[in-house]
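Counting with the working numbering, you get residues 523 to 1457 for the letters of the sequence shown.
For glycine and all other residues, C-beta sits at the position ideal for the given N, C-alpha and C.
Contents: one structure, followed by commentary.
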Amino acid sequence: MRPTKLIISAFGPYAERTLIDMDKLGASGLYLISGDTGAGKTTIFDAITYALFGRASGDSRDDSKLFRCLNAKPETKTEVDLTFVYAGKEYRIVRNPEYLRPKARGEGFTKEAASVTFYYPESSGKQGPASRSVSKEKDVAAAVQEIIGIDRDQFTKIAMIAQGDFMKVLLSSTDERKKIFRKIFKTDKFNALQDELKKRANEMDRQCSDSESTACTMIAQIQCGENSAQADALEQEKNLAAQRQIADWQGVCDMTQAILDEDNLSLKKVQAELEESAKKLADMDKELGRAQNVQKTRDALKKASDELERILPSLAPLKEAKLAAESKQPERDSLQESITTLRNSLLEYDKLELFRGEALKKEGAVKETELRLQKNRLLVDDTRAIITDFEREVSELGDVGARKQELVAQLDKLSGRQDDLVKVGKNVKELSTLNDAFERAKKAYLAADADYQKISDDYEAKNRAFLNEQAGIIAETLVDDKPCPVCGSTHHPHKACKSLEAPSQAELERLKKAVSTAEADRNEKSAAASQAKGKFEEKRSAVQSLVQELFGECTLEEARERGNTEYAENRDKMAALTLAVAKEEEREKRKTFLEKNIPEKRAELEKLQSAVTDQEKEISGLKAELVSCRNAIEELLKKLAFESKAAAEKQIRETQAVLDCSKRELEKATADYTECESRVNELNAGKNALAKQLEGAPEYDLAALQAGRNQAAEAHNALAHSQNEVSARLAGNKSALEQIGKTVGALGEQLRKRAWIRNLSDTANGGLSGSSKVMLETYVQASYFDRIVSRANIRFRLLSNGQYELVRRKDASNNRSQSGLDLNVLDHSSGKEREVKTLSGGESFLASLSLALGLADEVQSSAGGIQLDTMFVDEGFGSLDDESLKLAINTLQSLAGENRLVGIISHVNELEHKIDKIVRVKKDENKISRVTIEV
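Here it is, written out as structure tokens:
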């Protein structure tokens, strides 16, 4: 298996999508993964491991929820895309973890679900659009296992040589090395078996102790009688039980059975005595009952005689009181007749109350109507006054509309004048702007004309100089007696001289172009100045006409000043006029209001006057009705005995109370006499009956009978208590005997089981006395360790030039400490073994590297038939000298061979000079990791 392309996105320190084209590294040889600590070197291997197995390479980095790069943009997906070649075929796997990413819109986070897709190659062996794929986690795991042939743990041991871990293996004690090997070899199950055996052995110790404690507790609960023959033996066994020193459990059971036999005999004897006592007690209860009944009858007879003697003198007075109450019947009849008469007159009192109520209503109505009449008369006077005031105010306001129109006309005139003044000011300002533009255009023209004149003069001078220079050139060619090509003369007494400052033809052409450019610029500036002047003159003519119209003959400056002054004055006038118009509008509104309300007030006055007339009539009618009610009241009062119905009802209640009291006296006197007479008759009858019952009854000594019965009861209770005591002791001892038998029976089985479990635990945990202290897990680890050491020595002898060989120490220095994983080094130069801790730093690195490679070889061999063409070696090269470093690289180079690619993860700078292919990992200024490949 060889990775060819790796894409890491928002994974670990790689915030952006990062492509690592591992095909550039070739199919074999060494390459260096270089970079600062924390840049993301090991993350490359983590990403490969995660893509294949869904987990990172190290346990400390194995939380897939932490893979998300915190610096990644919300839209950047966290995923690993791995393409690898196995057996000539190309496979691809894309995997992303579950992670929280910021929402693309709004605030907060959203969960991205985990997913994975595995792509099989096409028939050509390459990836393509027709590739078959699987996307379920279990299907992907099965596909990777089927193709590569190893699981994640095997892959991390073979593909990643964690030299630092094996440095710990090399230098650790047996206990420390055992923890490391537990992680490497996954021997947790053997350690768990050791712990489980120890736990079960301790549990059997506890069970045996609990059983023995339970049995001893049962012995403490055994009881015997005071005169028991087993009392001394029981006391001795209880003392032994308290000290947990019981040796003869069968003797304890026999003693307890003897106590049970004694108590069974005692119980039968007590039960017979108790039965005889119960019969005797029953006979005594019958005799005592007869005596008590006779005594009760005598007591009842005496009680009846005493009561009859007490109440008999009261019978005659009660009869007299009854006759006196019956004699008052005529008085009660008179009271009843008076009550009936008063009740019959209550209807007349109702009429009286009705007339009185009606009279009160009429009086209230008269008062209320008189108040309304008085109020309406005042309103009539007030309304007349208001109408008079309104008519006077309307007259005073006069023609307010005409005054308002006059003011509005003045305001409109001033507003128009203000608009004209503003127009003049605006035009004068525009004229000033046009004048400024004209002056600027004129200055620009004058400057352009000056430039043109200067350039033109320079050109004319240079042109003359150039022409003169042409004569000098011809003069140099003149020869005496030969004609001049210009004038034909053969004599040349005064030849023209060639000037040293004459311009060239090119310079003259440049000046000529400059003259043309300056002339064009002058003409352009002239046209612009002419246009600006035309606009200025046109605007000035229009402004002067406007000024003439508004102010007459005056300058523009005078017009501007007069306009500003007049504008300010008009503004004040318009403000005053605006206030005046507003005031007139208020007066106009007031007049409109008054003209509208005067008719309304007149109508209101008519209604009030009509209401006054109606109320005067209403008062007259009410007073007549009131006189009629008062006359009716006087007529009723003449016929009735009381002023009101309430007084009549009060008299009825008082008379009824007297009548009721008289009736109650009669009822009570009758009842008291009847009750006393009945009780006397009842007592006489009862007394005769009781006397008849006592005829022939014997005399009893009740106190003596009760004392004898109490004594017999005490004896019976003592026997019952003795029976309960023996029964309880029997039940307790029987239960204790059964519990001791069960517990002792179980204890024997527990002791046998504890013996073989304890022996098994001591064997597995290296605790057998006199034997080597090798635990089961250590023994298994030692077996793995021997095979790894054997494979490691193949390279260690080569790396140390045949000087060293690793040797596992077979026995501990004593039988009191754990052993089995201690490691020595055999120094062939001296032929002696010594501890590996005596190796130098460089030698220790070579030894640990050999161990790491030995582990990889062992795991790959155990996996059987796998083809892993890629390997990583992580750190550890910093402690080597140049010779050892060279030797280590040569070893790794030979390990790579022709078909394996080995990557060294390191930040040692010297390696960059010894390895040609480099994968460089750096963090930029934003702390985002970047990868470049240098080949």
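Any idea what DSSP makes of residue i, helix, strand or coil?
{"i": "Ser531", "result": "strand"}
{"i": "Thr632", "result": "strand"}
{"i": "Pro607", "result": "Sequence check: residue 607 is Val here, not Pro. Val607 falls in the strand class under three-state DSSP."}
{"i": "Met726", "result": "helix"}
{"i": "Met1297", "result": "coil"}
{"i": "Asn593", "result": "coil"}
{"i": "Gly1425", "result": "strand"}
{"i": "Gly562", "result": "coil"}
{"i": "Pro1306", "result": "For clarity, residue 1306 is Tyr in the given sequence; the question names Pro instead. Helix."}
{"i": "Leu1402", "result": "coil"}
{"i": "Glu1140", "result": "helix"}
{"i": "Arg939", "result": "helix"}
{"i": "Asn1448", "result": "coil"}
{"i": "Val1430", "result": "coil"}
{"i": "Glu1079", "result": "helix"}
{"i": "Ser1291", "result": "coil"}
{"i": "Thr600", "result": "coil"}
{"i": "Glu1091", "result": "helix"}
Taking the C-alpha atoms as reference points, what is the distance between residue i and residue j?
{"i": "Ser1383", "j": "Met1297", "result": "26 angstroms"}
{"i": "Arg1338", "j": "Asp727", "result": "Reliability of the predicted coordinates at Arg1338 is poor, the pLDDT of 47 falling under 50, and no value is obtained from them."}
{"i": "Lys1172", "j": "Ala1179", "result": "11 angstroms"}
{"i": "Phe1058", "j": "Glu1041", "result": "26 angstroms"}
{"i": "Leu715", "j": "Ser1283", "result": "9 angstroms"}
{"i": "Ala963", "j": "Gly938", "result": "37 angstroms"}
{"i": "Asn1336", "j": "Ser1291", "result": "Confidence in Asn1336 is poor, its pLDDT being 49 and thus under 50, which makes the residue's placement unreliable; the coordinate value appears in the next sentence. Their backbone Cα atoms lie some 12 angstroms apart in a straight line."}
{"i": "Glu795", "j": "Ala1207", "result": "51 angstroms"}
{"i": "Lys801", "j": "Leu787", "result": "22 angstroms"}
{"i": "Ala1104", "j": "Arg914", "result": "23 angstroms"}
{"i": "Lys844", "j": "Thr1192", "result": "5 angstroms"}
{"i": "Leu1116", "j": "Gln1137", "result": "31 angstroms"}
{"i": "Asp661", "j": "Asp1391", "result": "24 angstroms"}
{"i": "Ile833", "j": "Cys1198", "result": "7 angstroms"}
{"i": "Thr565", "j": "Asp545", "result": "19 angstroms"}
{"i": "Asp697", "j": "Lys720", "result": "18 angstroms"}
{"i": "Asp942", "j": "Glu961", "result": "28 angstroms"}
{"i": "Leu693", "j": "Phe1367", "result": "11 angstroms"}
{"i": "Ser556", "j": "Leu547", "result": "14 angstroms"}
In terms of residues, what are the limits of the beta strand (DSSP E) holding residue i?
{"i": "Asp921", "result": "Here Asp921 belongs to no beta strand (DSSP E), and DSSP marks it neither H nor E."}
{"i": "Glu1456", "result": "1451 to 1456"}
{"i": "Leu541", "result": "540 to 542"}
{"i": "Met1393", "result": "1392 to 1396"}
{"i": "Gly557", "result": "551 to 557"}
{"i": "Val1441", "result": "1440 to 1445"}
{"i": "Asp776", "result": "Here Asp776 belongs to no beta strand (DSSP E); instead the alpha helix (DSSP H) covers 771 to 833."}
{"i": "Thr639", "result": "637 to 641"}
{"i": "Asp1349", "result": "1345 to 1349"}
{"i": "Asn1357", "result": "Note on residue identity: the sequence assigns Glu, not Asn, to residue 1357. First-last of the beta strand (DSSP E) with Glu1357: 1354 to 1357."}
{"i": "Val662", "result": "No beta strand (DSSP E) contains Val662, which is instead part of the alpha helix (DSSP H) from 659 to 670."}
{"i": "Glu1327", "result": "1326 to 1330"}
{"i": "Leu622", "result": "621 to 624"}
Check the C-beta distance from residue i over to residue j and give it rounded, since I have them as a contact under 8 angstroms.
{"i": "Ala838", "j": "Leu1188", "result": "Ala838 to Leu1188, Cβ: 19 angstroms. No contact."}
{"i": "Leu1345", "j": "Arg1331", "result": "7 angstroms"}
{"i": "Asn618", "j": "Lys633", "result": "Contact doesn't hold; Cβ gap of about 12 angstroms is too wide."}
{"i": "Asn898", "j": "Ala1133", "result": "5 angstroms"}
{"i": "Ile741", "j": "Lys760", "result": "6 angstroms"}
{"i": "Val950", "j": "Arg1093", "result": "The pair is not a contact, with the Cβ atoms about 19 angstroms apart (cut-off 8 angstroms)."}
{"i": "Leu857", "j": "Thr1177", "result": "6 angstroms"}
{"i": "Ala1443", "j": "Gly562", "result": "Note that residue 1443 corresponds to Val in the displayed sequence, not to Ala. Yes, Val1443 and Gly562 are in contact; Cβ-Cβ is about 5 angstroms, under 8 angstroms."}
In the DSSP assignment, find the alpha helix (DSSP H) that holds residue i and state where it starts and stops.
{"i": "Thr1192", "result": "1167 to 1215"}
{"i": "Val1266", "result": "1224 to 1286"}
{"i": "Met762", "result": "Contrary to the premise, residue 762 reads as Leu rather than Met in this sequence. Where Leu762 is concerned, the enclosing alpha helix (DSSP H) stretches over 753 to 764."}
{"i": "Arg1062", "result": "1027 to 1073"}
Original post:
Can you list, in chain order, the stretches of the alpha helix (DSSP H) that have 4 or more residues and sit fully within the region 675 to 724?
Top reply: 685 to 693, 696 to 707
Original post:
What runs of the alpha helix (DSSP H), each 4 residues or longer, lie entirely inside the region 840 to 924?
Top reply: 851 to 866, 868 to 919
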